[in-house]
Structure formats: C-alpha cells, structure tokens
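These notes concern the structure reproduced below.
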Amino acid sequence: MTIPFLELRSNYTEIAEELNEAYFRVMASGQFILGEEVTKFTDEFAQYCGVAHCIGVGNGLDAMHLILHAYGIGPGDEVIVPSNTFVATWLAILHCGATPVAVDPDPNTFNIQPEYVRKAITSRTKAIIAVHLYGQTADMDALHTIAKQHQLKLIEDAAQAHGACYKNRRAGSLADAAAFSFFPTKNLGAFGDGGAVVTNDTRLAAHIGNLRNYGAVAKNQYVMKGFNSRLDELQAAFLRVKLRKLDVWNERRRKIANRYLSALNHLPLNLPTIPDWADPVWHLFVVRTPCRDRLKEFLFQHGIETLIHYPNVLSDHPAHQEMVYHKQLSNAIETEILSLPLSPHMPQTAVNEVIRMCQLAAEQRVLC
C-alpha cells in the first residue's frame, strides 16, 4: 500500500460537476480579471471570516507584502516573526525593505511565543506577524496586549488556517489585518495561485484594493505606485465552490487528527498540543521525535510519504543569513518534527496504515 502525503486529484473529483459549471460560466462571461466572481467570492470569504472586507490578490506572499506596504513599513523598520515559518512570511518583510526579527516558537504548539516577542521589541519595531502554523491559531490575546502596549500593528499570517478558531472567532478576524494563501495544498486551495487580505479597516482595504491594481482608483487614474497582484475570475469561481465545502473538509481533518491523537498517544512521540482556546483545522499533523530521520525512512520504506515543515530556520539559508534571530531554544524543533499524511480525502484504510506503521516503528525500536 502506497500512501502519498497529499493527493490533490480528489479535490476535483468530489465536486467535479460544480467546478465544471463554474469553469464554463466564467468562460461564457468573457470577464477574466476583477469581475463578478471575484466580487462574490471576496464578499463570501469576508462573511465567512467575520470581517468587513476581503481583497483578492495574486498569492499569499503578495497579501502579506501589500499589508506591510500599506502600513508604510519600510527600510529601517523591524517586524517580529516566528523563526519556523514558510519563507513567504519573511520575503514579504524583505520586499518592503524592512528587517525580519525572528523569535523561537512555543515548543508545544509551534506558534510564536509571546514572551519572546516582548523581548525582541526595539525602537525600530513596527509590527508583529502571528503565523497560525499548521492550522492552529497563535495566542492572540497575549499578542494583542503586547502590540497595544508598544503601539505595534498585529497581522495574522493565516495561510494555513482557513476556518481555524481562537475563542470561537475565526482566523482573519483576530488582528488588524490578515493574509491568506489559496495555494492548491491549502485547506481552501485554488487550482493555481491566489491570495487575499481580510480586515475590518475600511481605509486599509481601499488602499490595498488600489495597490494591487497598479495603484489605480479608476482606469488610467493612478494615485500611488502600485503592483499587479489580482485574484483572477476563474480561481475565484473555483474558490466559491470550495468555500461551501470548507467546513465539511475541515471536520474530516479533525476526525483524522483525533484518530491519530488517540491511537498514537502511547507511543514515544510528542503529539500536537491543543490549547483550550484553539480549534485547529489541521492543515498539517506534526509530531516530534529525536529519531525523526529514522522514523521518516522507516515509513518511506513501508510506502508512506512524510514531509518536514520546516527542516531549517530561514536564517540558516544563504539568502537570509543576515537576518536577526533571537534564538532561545536548541535546534530540537527543526531536527525532530515530521508531518504525517492528513487530508480530507484520505481513505480510512490509509489512516489505519499510518497508525499501524507508527506502532510497528515503536515495536521495532525505530522510535527512541
């Protein structure tokens, strides 16, 4: 039995009829950029997140970059980010000319540690980015307190957290603004690239709406130096279909995650920790073990694909070695984490096989 980490074809087959209808509707409309589908999707996604505004953009990196740019963050400024995040979070800051200041995460939740954020603040700090890593929200109340005390912007990186909740409020509604990605592997993924900014700030929404379209307020009327970053009609139409399935698919993820949590609890593995205030959507199911590489190879030899999110902190990479990193922990997280297969279309037989092989790994002393 071969179990891929993620199989995306099922994203289409389960809702093929609705997706085909959306495709032909857009083709027949003759409108492919900033048309009715984008307007309807952004209205629907704003309502889903519980915010007033949603602006469709080209991808998640652009979403974060546009937020930072609209806030006037630039050279000489610092933005605090977690050390364990996808490179796009850092690039958004760098593209503004600002400096990412990385702090270590909570070793149990993998999310940014408020205590470390407070220690990293300087006179140059302008914002905090809270990455809801692996589909679980960060400790937003603590971060709000810090941001308010120091007059900083608090921004959500919700690229992995579509539908995740913090104290019954959805990701996207928990800070000054939030950036989403609709990359195909996300809980709400397009069939290509896509992203969005969500916010309750009307002025910010209008500013980003202009920035993403060359800085234009109307055709050939440019009020600022803008960018070309627009969610296209076809992806918006597909996302409208998939948004209607998001809660169902997230619930399937929860059931698989709960099965893993129950069945693997007695093994020498560190399983994900869920704070009382969190309702995660399990974009990834990440375990920790000092024998990570041995477990990964063992599962691979038994037909199970696993991945590492992420194998190195970004400051270890050649392009980012000049970045500021307030290191508090050892390299335990990046050397011990392993993502097990989990998706809403994963067959129960595959879930059972992953569990069985992890149990076999423990029996054969692959784990330590």
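Going by the working numbering, the residue at position 34 of the sequence shown is 44; the numbering climbs one at a time, nothing skipped.
Just so it is clear, CB atoms sit at the ideal spot from N, CA and C, and this is done for glycine as well.
Candidates the options, of which the one nearest residue i by Cα
{"i": "A188", "options": "N197, N230 and D72", "result": "D72"}
{"i": "K129", "options": "V91, A102 and V97", "result": "V91"}
{"i": "V141", "options": "Y126, L153 and I122", "result": "I122"}
{"i": "D116", "options": "E344, N197, H355 and L370", "result": "E344"}
{"i": "H355", "options": "V258, E373 and H75", "result": "V258"}
{"i": "A171", "options": "K163, G199, D186 and L153", "result": "G199"}
{"i": "P85", "options": "N94, V97, S93 and A102", "result": "A102"}
{"i": "D114", "options": "M74, T95, A372 and I365", "result": "T95"}
{"i": "A372", "options": "N322, A342, P321 and F308", "result": "F308"}
{"i": "F55", "options": "L256, S133 and R263", "result": "L256"}
{"i": "A98", "options": "D167, K158 and S20", "result": "D167"}
{"i": "H312", "options": "L370, Y58, A342 and R264", "result": "L370"}
{"i": "A137", "options": "G60, M74 and F192", "result": "M74"}
{"i": "A342", "options": "Y320, P357 and V361", "result": "Y320"}
{"i": "S20", "options": "P357, I365 and V361", "result": "P357"}
{"i": "F201", "options": "T49, R250 and L153", "result": "R250"}
{"i": "F192", "options": "G225, A246 and A148", "result": "A246"}
{"i": "A148", "options": "D289, V361, A215 and F310", "result": "D289"}
{"i": "A215", "options": "E47, T52, A32 and K235", "result": "T52"}
{"i": "R222", "options": "A206, N260 and E261", "result": "A206"}
Supposed close pair residue i, residue j - CB separation, criterion 8 Å
{"i": "I30", "j": "G204", "result": "Position check: residue 30 holds Asn in this sequence, whereas Ile was assumed. Between G204 and N30 the Cβ distance is about 19 Å, and since that is not below 8 Å, they are no contact."}
{"i": "Q146", "j": "T119", "result": "6 Å"}
{"i": "S353", "j": "L16", "result": "5 Å"}
{"i": "R269", "j": "I347", "result": "At roughly 20 Å, the Cβ-Cβ gap does not stay under 8 Å, so R269 and I347 are not in contact."}
{"i": "N238", "j": "V227", "result": "Not confirmed; about 16 Å, so no contact."}
{"i": "H160", "j": "T135", "result": "7 Å"}
{"i": "V291", "j": "A174", "result": "5 Å"}
{"i": "P194", "j": "L18", "result": "6 Å"}
{"i": "I218", "j": "A80", "result": "5 Å"}
{"i": "P282", "j": "E315", "result": "Their Cβ separation, rounded to whole angstroms, is 19 Å, which puts P282 and E315 out of contact at 8 Å."}
{"i": "V208", "j": "C64", "result": "5 Å"}
{"i": "V127", "j": "I156", "result": "6 Å"}
Where the alpha helix (DSSP H) through residue i begins and ends
{"i": "P124", "result": "P124 to A130"}
{"i": "G70", "result": "G70 to A80"}
{"i": "V36", "result": "A26 to S39"}
{"i": "I266", "result": "L256 to A273"}
{"i": "K136", "result": "Premise fails: K136 lies in the beta strand (DSSP E), T135 to V141, not in any alpha helix (DSSP H)."}
{"i": "S20", "result": "R19 to T23"}
{"i": "V97", "result": "V97 to L104"}
{"i": "V361", "result": "Q358 to E373"}
{"i": "V52", "result": "The sequence shown places Thr at residue 52, not Val. Counting along the chain, the alpha helix (DSSP H) containing T52 begins and ends at E46 to C59."}
{"i": "Q311", "result": "R302 to Q311"}
Cβ neighbour criterion (16 or more within 10 Å) applied to residue i
{"i": "I43", "result": "exposed"}
{"i": "H293", "result": "buried"}
{"i": "E363", "result": "buried"}
{"i": "V233", "result": "exposed"}
{"i": "A391", "result": "In the structure as shown, the chain begins at 11 and stops at 378. Residue 391 is therefore absent and cannot be evaluated."}
{"i": "S340", "result": "Unreliable placement is indicated for S340, whose pLDDT of 45 sits below 50; the coordinate value is still reported in the next sentence. It is exposed - the Cβ of S340 has fewer than 16 other Cβ atoms within 10 Å."}
{"i": "Y22", "result": "exposed"}
{"i": "R385", "result": "No answer is possible for residue 385: it lies beyond the span of the chain, which begins at 11 and ends at 378."}
{"i": "I359", "result": "It is Thr, not Ile, that sits at residue 359 in the sequence shown. So T359 ends up on the exposed side."}
{"i": "R302", "result": "buried"}
{"i": "C368", "result": "buried"}
{"i": "N197", "result": "buried"}
{"i": "R254", "result": "exposed"}
{"i": "P14", "result": "exposed"}
{"i": "L76", "result": "buried"}
{"i": "N230", "result": "exposed"}
{"i": "E125", "result": "exposed"}
{"i": "M11", "result": "exposed"}
{"i": "E47", "result": "buried"}
Residue i - containing beta strand (DSSP E), residue span
{"i": "R298", "result": "F295 to R298"}
{"i": "E88", "result": "E88 to P92"}
{"i": "E166", "result": "K163 to D167"}
{"i": "L348", "result": "I347 to L350"}
{"i": "V207", "result": "G205 to T209"}
{"i": "H63", "result": "H63 to V67"}
{"i": "T283", "result": "Note, T283: premise wrong, no beta strand (DSSP E); not H, not E."}
{"i": "F190", "result": "A187 to S191"}
{"i": "T109", "result": "T109 to V113"}
{"i": "L227", "result": "This sequence places Val at residue 227; Leu is not what is there. It spans A226 to A228 - the beta strand (DSSP E) in which V227 sits, taken as one unbroken run."}
Meets three-Cβ-pair contact criterion under 8 Å: the stretch 171-190 and the stretch 18-27: Per the Cβ contact rule, the stretch 171-190 is not in contact with the stretch 18-27 (fewer than 3 Cβ pairs under 8 Å).
Inter-stretch contact (C-beta, 8 Å, three-pair minimum) for the stretch 40-58 and the stretch 234-246: Look at the beta carbons and you see the stretch 40-58 touching the stretch 234-246: at least three pairs across the two are nearer than 8 Å.
Cβ pair count under 8 Å reaching 3, the stretch 275-292 against the stretch 363-378: Three or more beta-carbon pairs drawn from the stretch 275-292 and the stretch 363-378 are found closer than 8 Å, and the two stretches are therefore classed as touching.
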